[in-house]
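Below: one structure, written as structure tokens.
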Amino acid sequence: MVKTMGRTLTDREKPWFLRLHRGRRLELTERQRELFLKIGRGPNPGLIVAGYGGAMGGGKTRAIVELAIDAALMHAGNNVLVARQHYTDLSSTTMKEFFRVCPEEYIRQRQTAPTPLVVLGDKRKPSSSWSTINFRHLTEWTGLGSQEYGSVLIDEAGEVAEEAARMLLTRLRHPAQTQRWFVAASNPWPGWFERWFARRELDEAAFAEADGRVVYIPARIPDNPHLPEHYAAQQRALQPGEWVQRFIEGSFEAFAGQVYEHFDPKLHRWDAPLPPFDRYIGGLDFGGQSHQDHFTAGVVAGVTDRRAPCGPNVLIRLGEFEDRGPGVTGRLEVWQHRWRSKLGRIQWCADRSQSAWIDHQRRLGNRVVPSKGGPDSVNWGISLVQQRLSADPPTSYYTPTMQSFPTRMREYQWANSKTDQSPKPRKRNDDLIDADRYMHELTVKPPRRRVMIVTPPVGRPARWSVEE
Ligand SMILES: Nc1ncnc2c1ncn2[C@@H]1O[C@H](COP(=O)(O)OP(=O)(O)O)[C@@H](O)[C@H]1O
Ligand SMILES: [Mg+2]
């Protein structure tokens, strides 16, 4: 019997999962319990969008797995999705944990190909009451667009693209589960998980009016008693500082792997009146015309002249363009035209691999040069951006009307470790950042052409060669 303050709880007050979990000998950790209670207290019928985030070992994967079993057993004929970005991680962690903890007696069917799924239910009841749990990776998520789910449960959501998460929200309409669950578990990576849950950037008031509820529960190592003794202390001793903050303490503020570590949305924002400029420059990155393509992006900036109170050669970004889908070309050109009427001449630099685009832009009367290109050009461009950000005081800023830019800068990450021989940035939502980098190429003199005399074999005339 469940009692609180000496009083026996009514059926309505009892946690919804008590009876279900007793059958599986499961006891939730304190934090997991908080998550499950908050989900259950949301509107029904309704849509719960929940984030369970923070330190590793906080019991996130286990929570996802148990919620999947609950959703399947509670609602006859339900269809549940358990997802993770990469298939190998899905099968080696999330699915492994699932089959470790799911009681054999519930499993009616197990399929591994073409896609893994498991059917759960009571064997004494008709098969129409059984539910399906689908395990899917999200590297190719467009194919999931025709499914209907009662619950969507995403493990390590920080690895998943925001578009994929948003698309999955639209798939929550299976009639078997009237209180639909979208639950994401994640380590503290910068990205949509942080924005939706830790920084609460969704329109929660409008969502609440439509029977929606956003729930965020931080998951910390000390809240999980099932880890080996001294686990957190051992990890703290072994890991470097930013890892401790991020993975042990679950802090979203530690930016392991962030490319522009010195970027600070407050410090680099230009709130003062605009100083006089010497010239205007911009960067362009062309995407495609469909909704799934890369963004088409543009940044325009002024470079201050000698009379500016902040001194000359300070770069102040004035405007941004980030858009995609049919008609994006026309919209970019309107944007460029507006800035040209306002500022006068603008020198643009664009991705050199898109030469047809550059030709088209030139025919429109825009002054466009191709970016440098070549094996090390990305890291060279990044270093140009970094030098201006980290100067004291900084020599680059953005104006507050730019909405995407600060978010894109914070979320731009290395794909591999910075300590690797040749670090590469992760190619995700990097279009605006690329445009910004091309623009920075216009702030330095082009690398000097070196004239070399090639020493000829005896008896042949000398040749000149020009190296770029
Ligand atoms: N409620 C629980 N009861 C028993 N063991 C748990 C519980 N929650 C988590 N664990 C165990 O703690 C360990 C870490 O949990 P896990 O879900 O993998 O954490 P995370 O995904 O946050 O890194 C795993 O061995 C897991 O089985
Ligand atoms: Mg995990």
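Residue numbers (the numbering used here): 563 to 1030. Just so you know, even glycine gets a beta-carbon here, dropped at the ideal spot from N, CA and C. If you're wondering where the values come from, they're calculated on a predicted model, not measured in any experiment.
Helix, strand or coil for residue i per DSSP?
i: E771; result: helix
i: R1093; result: Nothing in the structure corresponds to residue 1093, since the chain is present only between 563 and 1030.
i: T961; result: coil
i: V806; result: helix
i: G927; result: coil
i: E882; result: strand
i: T701; result: coil
i: R682; result: Checking the sequence shown, residue 682 turns out to be Leu, not Arg. It is a strand residue.
i: Y649; result: helix
i: L715; result: strand
i: A634; result: helix
i: R581; result: helix
i: P968; result: helix
i: S933; result: coil
i: T694; result: strand
i: G615; result: strand
i: Q820; result: strand
i: D833; result: coil
i: V1006; result: coil
i: S748; result: strand
i: P665; result: coil
i: Y974; result: coil
i: R757; result: helix
i: N875; result: coil
i: Q796; result: helix
i: N641; result: strand
i: K980; result: Here K980 scores only 48 on pLDDT, less than 50, and its place in the model is too uncertain to base an answer on.
i: P787; result: coil
Just checking my contact of residue i with residue j at CB under 8 Å: how many whole Å lie between their CB atoms?
i: Q739; j: H637; result: 4 Å
i: G712; j: R742; result: 6 Å
i: V777; j: I610; result: 6 Å
i: D773; j: G608; result: 4 Å
i: H853; j: D993; result: With a Cβ gap of about 14 Å, H853 and D993 do not count as contacting.
i: T1005; j: L946; result: 7 Å
i: L715; j: I631; result: Incorrect: roughly 10 Å between the Cβ atoms, too far for contact.
i: I783; j: G619; result: 5 Å
i: L951; j: F839; result: Wrong, their Cβ atoms sit about 19 Å apart, outside the cutoff.
i: I920; j: R999; result: Their Cβ separation, rounded to whole angstroms, is 16 Å, which puts I920 and R999 out of contact at 8 Å.
i: A870; j: P835; result: Between P835 and A870 the Cβ distance is about 11 Å, and since that is not below 8 Å, they are no contact.
i: L643; j: R728; result: Not a contact, Cβ separation roughly 14 Å.
i: Q851; j: G887; result: 7 Å
i: E724; j: W692; result: E724 to W692, Cβ: 33 Å. No contact.
i: R902; j: I908; result: 6 Å
i: R686; j: E710; result: R686 to E710, Cβ: 27 Å. No contact.
Would you kindly check if the distance between the Cβ of residue j and the Cβ of residue i is under 7 Å?
i: D885; j: P874; result: no
i: Q594; j: G621; result: yes
i: Q807; j: S813; result: yes
i: R879; j: A859; result: no
i: M1001; j: G849; result: no
i: E628; j: D785; result: no
i: Q796; j: I810; result: no
i: L905; j: Y842; result: yes
i: T656; j: T623; result: yes
i: K986; j: A977; result: yes
i: A645; j: L682; result: no
i: G604; j: R761; result: no
i: P752; j: R970; result: no
i: H736; j: N641; result: yes
i: W942; j: N928; result: no
i: A665; j: R586; result: One detail in the question is off: residue 665 reads as Pro in this sequence, not Ala. Result yes, Cβ atoms of P665 and R586 sit closer than 7 Å.
i: L597; j: P577; result: no
i: V861; j: E882; result: yes
i: A726; j: W758; result: no
Would you say residue i touches ligand 4, meaning its beta carbon is less than 6 Å from a heavy atom?
i: K622; result: Looking at this structure, you won't find ligand 4 anywhere; what it does contain is ligand 1 and ligand 2.
Between the stretch 611-618 and the stretch 743-763, can you find at least three pairs of beta-carbon atoms closer than 8 Å?
Short answer: they touch.
Take every Cβ of the stretch 931-946, pair it with every Cβ of the stretch 908-917, and state whether three or more of those distances are shorter than 8 Å.
Between the stretch 931-946 and the stretch 908-917 there are three or more inter-stretch CB-CB distances shorter than 8 Å, so the stretches are counted as touching.
Taking one C-beta from the stretch 821-837 and one from the stretch 955-967 each time, how about it: are there three or more such pairs within less than 8 Å?
Look at the beta carbons and you see the stretch 821-837 touching the stretch 955-967: at least three pairs across the two are nearer than 8 Å.
Using a Cβ distance threshold of 8 Å, determine whether the stretch 718-727 contacts the stretch 669-686, with at least three qualifying pairs required.
Touching, no.
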